[in-house]
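Per the working numbering, the sequence shown starts with residue 155, numbered consecutively.
Backbone N, C-alpha and C fix where the C-beta goes; we use that ideal spot for every residue, glycine too.
One structure below.
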Amino acid sequence: MYPEFEEFFSPRQLMYRAGASAEVGRVLREWGVTPGRVFVVADQVVEELGGLEALKRGLTEQGHEYEVFAHIAGEPNDDIVERATAAARAFAPQAIVGVGGGSALDSAKLVNYLTVSGQQLSELVGAIPSLPGFLPMALVPTTVGTGSEATRVAMFSVQGMKRAVVCRQFLPVVAALDPDLVANLPGPVVAATALDALAHAIESMQSTNRNAFTMLVGGEAARIIFARLRAAALDGDAAAKGDLLYAAYLGGLALNAGVVLGHSLSYVVASRQGLSHGSGCALALPYTMAYNSAVEPELNRKIAELVTGDPDADLEQLSQEIATLTGEVALPTSMAATGLDPARIPELVAEVIESFPRPNNPVEITTERLTRLLEHMHTGDVAAAWAAMREEGA
Ligand SMILES: NC(=O)c1ccc[n+]([C@@H]2O[C@H](COP(=O)([O-])OP(=O)(O)OC[C@H]3O[C@@H](n4cnc5c(N)ncnc54)[C@H](O)[C@@H]3O)[C@@H](O)[C@H]2O)c1
Ligand SMILES: [Fe+2]
């Protein structure tokens with residue numbers, strides 16, 4: 155028998171096909187949303203590029219009225235979410251649709267919650283309770299990264315401080331993955347967001363909360379991204395971008411196990427150096443793999459095999475290849491390359507431990523071990539990081 159597990163959450167319906175966004179109005183009706191008012195929370199750039207047209211057409215064909223709030227530009231904060239919520243309350247919708255990257259999808263989740271609860275964004279902290287009357291929701295991703303359409307999480311900032319809230323109602327009725335919407339996604343956005351998804355996939359496999367299901371989806375997500383990122387980011391291959399859209403969804407499902415040290419490192423480095431979330435995750439990933447390698451060797455071997463398909467693959471070699479891939483898609487592979495002063499390493503270590511602890515990290519996060527790791531992450535020397543972590547033991 156497989157090891158038992160308590161829970162695995164996912165959207166009720168997944169659609170993955172070209173033109174899926176045009177079907178959202180129909181699918182919402184099939185899930186019991188009678189023709190009525192639909193509030194759309196969307197990314198500003200996606201709207202400007204015409205990415206909402208198929209969705210709007212499909213809503214109208216199904217007899218829905220809609221109002222579009224397409225002002226999401228970057229990570230949601232109290233200002234934008236309160237504005238969107240005020241518009242939603244005035245419109246009194248029966249359903250909410252989010253369209254965009256993680257920022258727009260998380261905004262849609264938050265607008266839904268606040269519209270129903272009557273609260274303000276700053277009141278939301280940590281695990282928040284399910285609400286009677288939460289509106290049916292469809293989420294349509296247009297980046298290939300967060301997998302937010304498959305998660306219980308919403309991230310935002312309040313007065314500059316990053317926060318995550320968790321609610322199982324944030325899982326949508328339908329996640330509509332439409333490869334047409336990512337066909338023209340610019341190479342740098344493809345690179346950063348897909349490497350965020352790769353970090354979700356691999357970190358979740360190192361999480362102590364992993365289970366048979368999260369290993370399955372995490373391994374497959376990582377395998378696809380590893381195989382297809384170059385074609386998508388460097389050659390502009392639209393089919394490869396569509397593959398990454400699917401992989402990012404799988405990576406979102408893998409987040410049922412939670413991410414580990416790498417995401418904490420990404421937060422503290424990215425916030426100081428003005429990097430995107432995905433750039434920070436990509437930089438930290440090979441080092442996270444090294445830090446967490448002091449677990450049962452069979453797990454390391456299994457992760458390497460799932461990602462590469464090679465039963466003899468080795469996790470250290472895989473982490474080197476991920477660093478190489480990150481450099482090839484023109485993202486930083488050392489903290490030095492981001493301009494970070496090494497004198498700030500103690501401050502980074504303290505912030506990871508105090509503000510972004512990871513009880514599910516398989517190896518305890520200590521000041522000494524993390525400091526040694528970051529010295530090597532500063533110079534971008536993956537091999538030295540592995541050697542140092544081996545020397546330290548678990
Ligand atoms: N909810 C979750 O489970 C979860 C998980 C990880 C990260 N996040 C959060 O998600 C956010 C990051 O999301 P993201 O990486 O998708 O970035 P994003 O949503 O901020 O979008 C990145 C950029 O790409 C642009 N863009 C989006 N789609 C486009 C398209 N089709 N064509 C051209 N440009 C397009 C946007 O306008 C923006 O400038 C962060 O706030 C992060 O904290 C959430
Ligand atoms: Fe992430």
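- If only uninterrupted alpha helix (DSSP H) runs of at least 4 residues are considered, those enclosed by the stretch 336 to 414 are 341 to 360, 366 to 388 and 392 to 408.
- When distances are taken from the beta-carbon of H225 to the heavy atoms of ligand 1, even the shortest one reaches 7 Å or more.
- Secondary structure of N266 (DSSP, three-state): helix.
- Runs of the alpha helix (DSSP H) lying entirely within the stretch 445 to 493, each at least 4 residues long, are 451 to 462 and 469 to 482 in chain order.
- Between G416 and A353, the gap from beta carbon to beta carbon is short of 8 Å.
- Looking at the DSSP output, P295 shares a beta bridge with G254.
- For the 8 Å CB-CB criterion, S175 and A224 do not form a contact.
- For H225, the enclosing beta strand (DSSP E) covers residues E219 to I226.
- Inclusion of H354 in the 7 Å shell around ligand 2 follows from its C-beta lying nearer than that to a non-hydrogen atom of the ligand.
- The residue among P286, S257, M315 and K263 with its C-alpha nearest the C-alpha of T297 is S257.
- Within 7 Å of the C-beta of D350 there is at least one heavy atom belonging to ligand 2.
- Look at G416 here: in three-state DSSP terms it is helix.
- The C-beta distance from A402 to G314 rounds to 27 Å, too long to fall under 8 Å, and the pair is not in contact.
- Counting along the chain, the unbroken beta strand (DSSP E) around F193 starts and ends at R191 to D197.
- In the three-state reduction of the DSSP assignment, G280 falls in the strand class.
- For M315, the enclosing beta strand (DSSP E) has its first and last residue at M315 to V320.
- Relative to ligand 1, the beta carbon of S361 is positioned no closer than 7 Å to any heavy atom.
- By alpha-carbon distance to R322, the top candidate from Q248, V312 and V307 is V307.
- Assignment of beta-bridge partners to A249 by DSSP yields V192.
- Put simply, of Q427, A539 and R377 the residue whose alpha carbon is nearest the alpha carbon of A467 is R377.
- Rounded to whole angstroms, the separation of the alpha carbons of W185 and F288 is 14 Å.
- Non-local C-beta neighbours of M543 in its own chain, meaning closer than 8 Å and more than five positions away in sequence, comprise A444, Y445, S447, A448, R523, R526 and L527, ordered along the chain.
- For Q167, the beta-bridge partners assigned by DSSP are V328.
- When P451, C435, I507 and H530 are compared, the shortest CA-CA separation from A345 is found for C435.
- In summary, D197 is buried, with 16 or more beta-carbon neighbours lying within 10 Å of its beta-carbon over all protein chains present.
- Spatial neighbours of G481 in its own chain (CB-CB distance under 6 Å, excluding positions within 5 residues in sequence) are listed in chain order as T487.
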